Every structure is written in structure tokens, then in C-alpha cells.
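*Asks:*
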Amino acid sequence: MSDFSDHIDAKHAEFIARQPVFFVATAAADARINLSPKGMDSFRVLGPTRVAYLDYGGSGNETNAHLAADGRITIMFCAFDQPALIYRLYGRGRAVLPQDNDWDTLAAHFTIERGVRQIFDITVESTQGSCGWAVPKMTLEAERQTLRKFHAQESPLERLAKYQDRNRSIDGLPVRPPSVLPYS
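First residue of the sequence shown: 488, per our numbering; consecutive thereafter.
(1) Can you give, in chain order, each stretch of the beta strand (DSSP E) that sits fully within the stretch 588-615 and has at least 3 residues?
(2) Nearest to Gln569 by alpha carbon, out of Pro665, Phe491, Gln506?
(3) Check whether the Cβ atoms of Ile609 and Gly578 lie closer than 7 angstroms to each other.
(4) If I follow the unbroken beta strand (DSSP E) through Pro524, where does it start and stop?
(5) Please name the residue, chosen from Glu645, Pro664, Arg575, that lies closest to Gly619 on a Cα-to-Cα basis.
(6) Looking only at its own chain, which residues have a Cβ that is under 8 angstroms from the Cβ of Pro669, when we skip the five neighbours before and after it?
(7) Does Pro661 come out as helix, strand or coil in the three-state DSSP assignment?
(8) Can you tell me whether Thr633 is helix, strand or coil according to DSSP?
(9) If we count the other Cβ atoms within 10 Å of its Cβ and call it buried at 16 or more, is Pro664 buried or exposed?
(10) Relative to the C-alpha of Arg601, which residue among Asp528, His638, Thr633 is closest?
(11) Classify His596: buried if its beta carbon has 16 or more other beta carbons within 10 angstroms, exposed otherwise.
(12) Judging by CA-CA distance, which residue of Ala515, Asp517, Arg537, Leu541 is the nearest neighbour of Pro524?
(13) Tell me which residue opens and which closes the alpha helix (DSSP H) that Leu644 is part of.
(14) At which residue ranges does the stretch 531-572 contain complete beta strand (DSSP E) runs of 3 or more residues, listed in the order of the chain?
(15) May I ask you to report which of helix, strand or coil DSSP gives Ala639?
(16) Can you tell me the Cα-Cα spacing of Ile503 and Cys565, whole angstroms?
Following this line, the structure appears as C-alpha cells:
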């Protein structure tokens with residue numbers, strides 16, 4: 488059975504803080520659905536109806552394009568330990584880039600390191616908790632360092648040039664790239 492709410496309560500905020508991975512889903516009209524796993528201690532609960540997460544440069548920028556086109560976003564957490572739980576956040580989000588006025592306020596909640604290109608700021612409209620009994624029990628061995636190592640190889644100017652060259656999603660939707668980077 489699912490339990491719905493219009494906010495994140497303290498118990499679920501604590502659950503979110505313990506999860507080493509979460510999943511983000513977005514879509515826009517006539518575009519593919521994007522579903523991405525995230526990690527790296529990049530998620531924060533900012534209040535009962537507001538969350539944010541750091542976005543590192545990687546294979547694409549579909550979330551940026553989809554949120555600009557449509558705004559809808561779903562975030563899912565699932566416990567791989569005990570107690571079993573799946574917890575979803577449904578809301579509307581936007582990309583906040585280093586050149587935006589509210590960057591510094593949001594960035595203060597995170598450790599900004601090489602590879603960060605934007606923060607997604609999300610207003611939570613509803614939450615859903617469900618049993619998660621079919622999710623396997625697994626243990627976390629270690630966080631991967633591959634993305635950090637990748638970003639350490641390029642100069643910030645090289646990285647910025649690549650972000651600005653990729654101004655379209657895989658479906659041709661416009662992407663707003665950073666014009667500055669939040670690290671040197």
C-alpha cells in the first residue's frame with residue numbers, strides 16, 4: 488500500500504539523508520523519458536517542500552532540457568538495507584547555474600568540487616512511500632571515484648568549452664549551459 492503526503496516529514500528526511508543513491512526521472516513532450524542514477528552525497532532536503540541536488544557533468548544534460556521545457560521531475564529513493572522502503576518525490580524543478588543570482592545561496596548547502604555544472608532546485612508537490620519489499624538487500628562497497636578523476640584531468644576552461652558546445656539534448660531540446668564554472 489502507498490502512503491501519499493504533500494510534504495517531506497522528519498522521518499523521511501532522515502531516510503533520504505542515509506541513501507547513497509537516488510534516481511531522477513524527467514520528460515518533455517515528444518522527447519525520450521530520462522531516468523538517471525545519482526550519488527556522490529549530492530542531495531539535500533532544504534525544507535518540507537523543497538529539495539536540491541548537485542549535477543555533475545557527464546554523458547548528457549537531459550534534466551536541464553526537460554525541466555526548461557516541462558518542469559516536471561520525479562525523484563526516487565529505495566532502501567537496499569532495512570527497513571525496506573521506496574520513497575518518491577514528485578514536483579517541479581529548475582536548473583540553477585553558477586551565473587544565476589541564487590547560485591551562492593543554494594551552493595552553500597553543498598561542497599562544490601570540479602565537475603559540478605548546476606544545481607537542480609525542486610519544489611515538492613507530493614511524496615509517496617511504498618513497501619519496497621521486492622528491492623534486494625545490498626551493501627555499499629564504496630563510492631566510485633571515476634567521475635572525480637575524469638574532471639580532474641581537464642582544465643576548467645576546457646570543461647566550460649565542452650559544456651557550451653553541448654547546448655542541445657539528445658532529442659534536440661535547448662540546454663542552458665553554464666557561462667562560468669563554480670570552481671577553478
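Just so it is clear, CB atoms sit at the ideal spot from N, CA and C, and this is done for glycine as well.
Please read these numbers as outputs of a predicted model, since none were measured by experiment.
*Replies:* If we stick to the structure as given:
(1) none
(2) Gln506
(3) yes
(4) 521-525
(5) Arg575
(6) Pro585, Trp590, Ala594, Ile599, Val603
(7) strand
(8) helix
(9) buried
(10) His638
(11) exposed
(12) Leu541
(13) 643-652
(14) 537-543, 559-565
(15) helix
(16) 9 angstroms
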